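Each residue of the sequence shown is one higher than the one before, counting from 885 in the working numbering. Heads up, the beta-carbon is just placed ideally off N, CA and C, and yes, glycines get one too. Model, not experiment: these values are computed from the prediction. Report on one structure; see the data block that follows.
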Amino acid sequence: MKETICSVLTKEAEEILRLTETLDYNQVAYVAETIKNCSGKVIFSACGTSAQAARKSAHTLCCIGCPALFIPPSDALHGGLGLIRENDVLILISKGGCTREINQMIEPARKTGASVIMVTENEESKWTKGCDGILTIRVRREPDPFNMLATASTLAVIAVFDAISIWLMKEKGYTKDHFARIHPEGEVGKRLAEEER
């Protein structure tokens, strides 16, 4: 068991480290600046395991004072698209770039005037052409025997949005005082309260 655990952890760590060499930093800069300049909401949507990366990324942005939320594509396509406004940014995560429910959100969002960004491994997907921006996040392979489980690829997406969020903290001059106001509970809230005394 230990051998498998160590192998998976090593492979996932290697894939995240490899992103420093494979990311298109022009794409990253576009996404980061678009979020920074957003005067509305940042809305994430995704299906399956990508949805967990989307939820986590939205929550991290909220933690640094950037209004963000996650909407399931199934809800969005049954009236939920009504939450999208002209100054919003819609970030769609689709590993293969071919998720039908995700792709159906692009045109209505753009007609509203929102900016649409696709996060995918497949920059050749025809659906990326309908977006304002694309962020290509690609891993060599997943660590499972069949190269099927979205594990390393999911962590890669989370890691990139973690990095963008920390850059935004620095750009916006986000302080511990700001953090304390929105995080009063839990161990973090307790620690911040003790530091204020």
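Contact check for residue 929 and residue 1042: beta-carbon distance about 16 Å, past the 8 Å limit, so the pair fails to qualify. Rounded to the nearest angstrom, the gap between the Cα atoms of residue 1046 and residue 963 is 30 Å.
Here the stretch 957-973 lies against the stretch 917-928, with 3 or more beta-carbon pairs under 8 Å apart. Taken in chain order, the complete alpha helix (DSSP H) segments of 4 residues or longer contained in the stretch 998-1078 are 1036-1056, 1060-1066.
DSSP places residue 929 in the uninterrupted beta strand (DSSP E) bounded by 926-930. For the pair residue 951 and residue 934, the Cα-to-Cα distance works out to about 20 Å. Per DSSP, reduced to three states, the secondary structure at residue 990 is helical. Leaving aside the five residues that flank residue 1048 on each side, the residues in its chain whose CB is nearer than 8 Å to its CB run, in chain order, 912, 915, 916, 919.
Taking C-beta atoms as the reference points, residue 1040 and residue 900 count as a pair closer than 7 Å.
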